[in-house]
Amino acid sequence: MTDPKIVLITGANTGIGYQTVKALLKSDKRYLILLGTRSLSKGEAAIDSLKTEVPESSSSVHPIVIDIASDESIEAASKEVEDKWGRIDTLINNAGGWPDPFRSPLNQVDNRSSERLRHSFRLLGADPGWEFKAGRLTRRELMEKTFDVNVSGAYIVTETLMLLLLKSSDARLVFVTSGQSSLTAFSNGTMPLPPPPGAGLAQRNGIR
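With the first letter of the sequence shown counted as 1, position 17 gets the number 17 in full-length UniProt numbering; the numbers rise by one all the way through.
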């Protein structure tokens, strides 16, 4: 029997990360899934829930503490993976946060969406959108916090784990942008889209 593919997913105890783990557990292929989480207790709770939802699977899932806003946490996670499993076949950068208070006012979202937003803010270490509105953060500081998690965090995770990824004979690297997948946010105006171009626009502009 061949060894299972080793997949590490950051931010996997909730949301799209959680659903990705569940999909892998349901697959006929064998995976060793590393469920990335900022809190070991939340990771273990997610795994308990997954075992209830997918009681039979040829794959296994293990919690791994990794906070993408902390270099020390990322380094510790890398060392744990190396010591226990020696490599990664697939790295899925899923964790992230979205703290802009103007694009995501809580009075425009339902309770479930509101909780998802608050979870994103907790990932950033506080509620930066509300700190900004309260005058405790400048717009620059708010943007820097957002950039630090969503760009710098994903980059540092990838760079730190790259040597483990390169040990795979079939390495895969995936980046997820979960905010743009929310049907609720798009349908209720939280993330407004410009109107689509009307029929005949290409012809009127001479595009063939």
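We put the CB at the ideal spot given by N, CA and C, even for glycine.
Since the model is a prediction, treat every value here as computed from it, not as a measurement.
Residue i by DSSP, collapsed to three states: which one?
{"i": "VAL7", "result": "strand"}
{"i": "GLY17", "result": "helix"}
{"i": "LEU137", "result": "coil"}
{"i": "ASN150", "result": "helix"}
{"i": "ILE156", "result": "helix"}
{"i": "VAL174", "result": "strand"}
{"i": "THR2", "result": "coil"}
{"i": "LYS167", "result": "coil"}
{"i": "ILE74", "result": "helix"}
Between residue i and the rest of its own chain, which residues show a CB-CB distance below 7 Å, the 5 nearest in sequence each way excluded?
{"i": "ILE47", "result": "LEU35, VAL61 and PRO63"}
{"i": "TYR18", "result": "ALA12 and ALA46"}
Are residue i and residue j touching if we call contact CB-CB under 8 Å?
{"i": "GLY11", "j": "ALA69", "result": "no"}
{"i": "LEU32", "j": "ILE6", "result": "yes"}
{"i": "VAL65", "j": "THR37", "result": "yes"}
{"i": "THR90", "j": "VAL157", "result": "no"}
{"i": "LYS22", "j": "LEU50", "result": "yes"}
{"i": "VAL54", "j": "LYS26", "result": "yes"}
Who are the Cβ neighbours of residue i in its own chain at under 6 Å, not counting the five residues just before and after it?
{"i": "ALA171", "result": "LEU165"}
{"i": "LYS167", "result": "ARG87"}
{"i": "GLY43", "result": "ASN13, LEU35, THR37 and PRO63"}
{"i": "ASN150", "result": "GLY96"}
{"i": "SER169", "result": "none"}
Ends of the beta strand (DSSP E) at residue i?
{"i": "VAL61", "result": "60 to 65"}
{"i": "THR37", "result": "31 to 37"}
{"i": "THR90", "result": "90 to 93"}
Below 8 Å on the Cβ atoms is my contact criterion, and I expect residue i with residue j to pass it. Report the Cβ-Cβ distance as a whole number of Å.
{"i": "ILE92", "j": "VAL176", "result": "6 Å"}
{"i": "THR160", "j": "SER78", "result": "5 Å"}
{"i": "PRO4", "j": "SER59", "result": "6 Å"}
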